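Here the structure is laid out as structure tokens; the discussion comes afterwards.
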Amino acid sequence: MHDDDRFENMTPQERAEFEAKIEASINTHSGHPTVTVQEWAALVRCRADRPVPVDELVASMYRWFVPFLSAQEFADLIYGQEDKGWLAITQDEEGMRYAQTTLLGEEVLAAAERPLMLAGVFRLTGKDSIPQGLGDEGGLQSLPKPGSGGRRGDRRPPDHRPDRR
Numbered sequence: 747m748h749d750d751d752r753f754e755n756m757t758p759q760e761r762a763e764f765e766a767k768i769e770a771s772i773n774t775h776s777g778h779p780t781v782t783v784q785e786w787a788a789l790v791r792c793r794a795d796r797p798v799p800v801d802e803l804v805a806s807m808y809r810w811f812v813p814f815l816s817a818q819e820f821a822d823l824i825y826g827q828e829d830k831g832w833l834a835i836t837q838d839e840e841g842m843r844y845a846q847t848t849l850l851g852e853e854v855l856a857a858a859e860r861p862l863m864l865a866g867v868f869r870l871t872g873k874d875s876i877p878q879g880l881g882d883e884g885g886l887q888s889l890p891k892p893g894s895g896g897r898r899g900d901r902r903p904p905d906h907r908p909d910r911r
């Protein structure tokens, strides 16, 4: 049954309630963060049980994005996500920098995961729905939620922030 069929088969009361929900949501922010593809990719790459060396993150981003991000774009991307609390940037005694998705970054990924998956499905199949086998009875719904299972603790940015230059 298509969504249009469901709407047509609603009682007047159900239709009024449905329209009221839509009307209420029109002027309300969804709560979804605005995430660029580059930000999403960096968050996914830094989603690990241990921090990812920034050099490895840079190498991945260079392989994934053509044309390449400039050094300034990359710095703005990484430190912008640190400022938003999505990535934690740390530095060891030798000066090596590391990045890791924070708990807030995990929430951003979780909010973006389903729409991006559906957009990919649409791009590949031309259909605006999840293929059979990936619905509520298994697929997407059965995947572990980001941050579940106690993989990592809190990833808040450290008090010491390395010099950005």
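Residue numbers (my numbering): 747 to 911. Glycine included, C-beta positions come from ideal geometry on N, C-alpha and C. As the structure is a prediction and not an experimental result, all values here were calculated from the model.
Secondary structure at LEU870: helix, using DSSP grouped into helix, strand and coil. DSSP lists no beta-bridge partner residue for LEU862.
In summary, LEU789 is buried, with 16 or more beta-carbon neighbours lying within 10 Å of its beta-carbon over all protein chains present.
In this chain, the alpha helix (DSSP H) harbouring ALA787 covers 783-791.
Residue range 843-847 is occupied by the beta strand (DSSP E) that includes ARG843, with no alpha helix (DSSP H) assigned at that position.
For the pair ALA845 and CYS792, the CB atoms are nearer than the 7 Å cut-off. Here the alpha carbons of TRP832 and GLU852 stand approximately 8 Å from one another. With 16 or more other Cβ atoms from the protein chains shown falling within 10 Å of its own Cβ, LEU823 counts as buried.
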